[in-house]
Amino acid sequence: MPGVVFRELAEMTDAEVYSAYEPPEADWLRVNFVSSADGSATLDGLSGPLSGSEDKRVFKVLRARCDVLVAGSGTVLAEGYRELVLSPERVKWRLDHGLPEVPVMAVVSRSARLDPTDPIFTRAPQRPIVVCAADAPADRQEALGGVADLIAIGDGQVDFAAAVAALRERGLRQILCEGGPRVFGDLIAADLVDELDLTVSPLLVGAGPGRIAAGHGSPGARPLELRHVLEAGGNLILRYLRGSSDE
Numbered sequence: 058m059p060g061v062v063f064r065e066l067a068e069m070t071d072a073e074v075y076s077a078y079e080p081p082e083a084d085w086l087r088v089n090f091v092s093s094a095d096g097s098a099t100l101d102g103l104s105g106p107l108s109g110s111e112d113k114r115v116f117k118v119l120r121a122r123c124d125v126l127v128a129g130s131g132t133v134l135a136e137g138y139r140e141l142v143l144s145p146e147r148v149k150w151r152l153d154h155g156l157p158e159v160p161v162m163a164v165v166s167r168s169a170r171l172d173p174t175d176p177i178f179t180r181a182p183q184r185p186i187v188v189c190a191a192d193a194p195a196d197r198q199e200a201l202g203g204v205a206d207l208i209a210i211g212d213g214q215v216d217f218a219a220a221v222a223a224l225r226e227r228g229l230r231q232i233l234c235e236g237g238p239r240v241f242g243d244l245i246a247a248d249l250v251d252e253l254d255l256t257v258s259p260l261l262v263g264a265g266p267g268r269i270a271a272g273h274g275s276p277g278a279r280p281l282e283l284r285h286v287l288e289a290g291g292n293l294i295l296r297y298l299r300g301s302s303d304e
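Structure below.
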């Protein structure tokens with residue numbers, strides 16, 4: 058296996074950053090999170106304040122690389138997600154690589170409790186997707202069906218393995234998940250995570266906030282392999298790939 062790469066992000070060209078996040082396989086699910094140095098997933102209830110301009114460069118590259126951006130409804134509402142747009146430079150990169158101008162936005166909500174008039178739906182440059190449980194209220198599914206495609210799958214909760222398969226059947230093979238912790242925890246429990254991109258912010262938050270993964274428990278730990286460490290303004294930007302379990 059290749060050794061771990063250590064670089065200063067400021068010394069890397071955009072082409073090098075894109076190359077550093079080349080997915081190893083055509084079907085790939087990566088999760089992107091930020092945490093404080095003492096393990097907090099949020100500051101004052103949000104992940105945004107833990108992040109800075111330095112790691113946003115990687116954040117934007119990951120978005121530009123994906124076919125579909127997945128986020129839980131709690132994260133979408135708390136962090137103020139709007140329609141998914143990219144800078145002209147990111148759009149050009151996608152077009153040069155045979156991709157649509159922007160990725161598809163997919164919002165996970167077990168109960169489909171989302172506002173169909175929200176700009177994340179009404180102003181989306183590509184028709185969004187809502188992932189919900191099959192038994193989510195029919196009236197909510199009907200209302201959202203006017204502004205988004207629905208993947209309604211799972212009894213009482215979202216069946217993430219089936220949902221990921223459904224995304225890939227639509228040709229959305231490169232999946233980026235930006236949280237929240239419950240979605241991440243469920244993806245781990247379903248053994249679907251191929252890559253974790255984690256920024257460790259140089260902050261001590263103290264007791265209170267939760268971890269980056271929550272929700273359903275997972276039997277056993279999944280081994281990961283550290284591929285690179287990028288330093289940017291005191292932030293450590295780590296790339297972990299799924300490791301072998303038979304070592």
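Under this note's numbering, the first residue of the sequence shown carries the number 58, and numbering increases by one thereafter.
Ideal placement from N, C-alpha and C gives every residue a C-beta, glycine not left out.
Secondary structure at residue i, three-state DSSP: helix, strand or coil?
i: Asp95; result: coil
i: Asp196; result: helix
i: Arg230; result: coil
i: Ile177; result: helix
i: Ala135; result: helix
i: Ser76; result: helix
i: Leu260; result: coil
i: Asp254; result: strand
i: Gly155; result: coil
i: Val204; result: coil
i: Val115; result: helix
i: Ile210; result: coil
i: Leu244; result: helix
i: Leu66; result: helix
i: Gly274; result: coil
i: Leu107; result: helix
i: Ala163; result: strand
Taking all protein chains shown into account, decide if residue i is buried (16 or more other Cβ within 10 angstroms of its Cβ) or exposed.
i: Ala264; result: exposed
i: Thr70; result: exposed
i: Pro81; result: exposed
i: Gly96; result: exposed
i: Gly290; result: exposed
i: Val62; result: exposed
i: Glu304; result: Reliability of the predicted coordinates at Glu304 is poor, the pLDDT of 41 falling under 50, and no value is obtained from them.
i: Leu224; result: buried
i: Glu79; result: exposed
i: Ala195; result: exposed
i: Arg120; result: buried
i: Arg315; result: No information on residue 315 is available, as it lies outside the stretch 58 to 304 that the chain covers here.
i: Arg122; result: buried
If you draw a straight line from the C-alpha of residue i to the C-alpha of residue j, how long is it?
i: Ile210; j: Val221; result: 11 angstroms
i: Leu156; j: Ile232; result: 14 angstroms
i: Pro185; j: Leu293; result: 32 angstroms
i: Ser302; j: Glu199; result: With a pLDDT of only 49 at Ser302, under 50, the local geometry of the prediction cannot be trusted, and the value read off the model is given with reservation. Distance between the alpha carbons of Ser302 and Glu199: 43 angstroms.
i: Val118; j: Gly137; result: 20 angstroms
i: Ser93; j: Lys113; result: 15 angstroms
i: Glu73; j: Gly213; result: 44 angstroms
i: Ala247; j: Ser275; result: 8 angstroms
i: Val286; j: Pro106; result: 21 angstroms
i: Leu249; j: Ala191; result: 20 angstroms
i: Val91; j: Ile269; result: 8 angstroms
i: Gln183; j: Asp124; result: 11 angstroms
i: Arg227; j: Asp206; result: 11 angstroms
i: Val240; j: Ser110; result: 25 angstroms
i: Val262; j: Leu134; result: 22 angstroms
i: Asp153; j: Ala193; result: 40 angstroms
i: Ala219; j: Asp251; result: 16 angstroms
i: Pro173; j: Gly60; result: 47 angstroms
i: Tyr100; j: Ile208; result: It should be noted that the sequence gives Leu, not Tyr, for residue 100. Answer to the nearest angstrom: the Cα atoms are 32 angstroms apart.
i: Trp85; j: Lys149; result: 22 angstroms
i: Tyr75; j: Arg279; result: 26 angstroms
Look at the Cβ atom of residue i, then the Cβ atom of residue j, and state whether they are nearer than 7 angstroms.
i: Asp254; j: Arg87; result: yes
i: Pro160; j: Leu126; result: yes
i: Gly267; j: Thr132; result: no
i: Arg151; j: Ala169; result: no
i: Val215; j: Leu201; result: no
i: Leu171; j: Ser104; result: no
i: Arg284; j: Arg299; result: no
i: Glu242; j: Gly272; result: A quick correction: the sequence has Gly, not Glu, at residue 242. Contact: yes.
i: Leu141; j: Met162; result: yes
i: Pro238; j: Ala98; result: yes
i: Glu288; j: Glu68; result: no
Assuming residue i and residue j make a contact with CB atoms under 8 angstroms, what is their CB distance in whole Å?
i: Ala83; j: Arg230; result: 6 angstroms
i: Ser108; j: Thr256; result: 7 angstroms
Taking only heavy atoms of the ligand GTP into account, decide whether any of them is closer than 6 angstroms to the Cβ of residue i.
i: Asp112; result: Within the structure as shown, the ligand GTP is missing, as the structure has no ligands at all.
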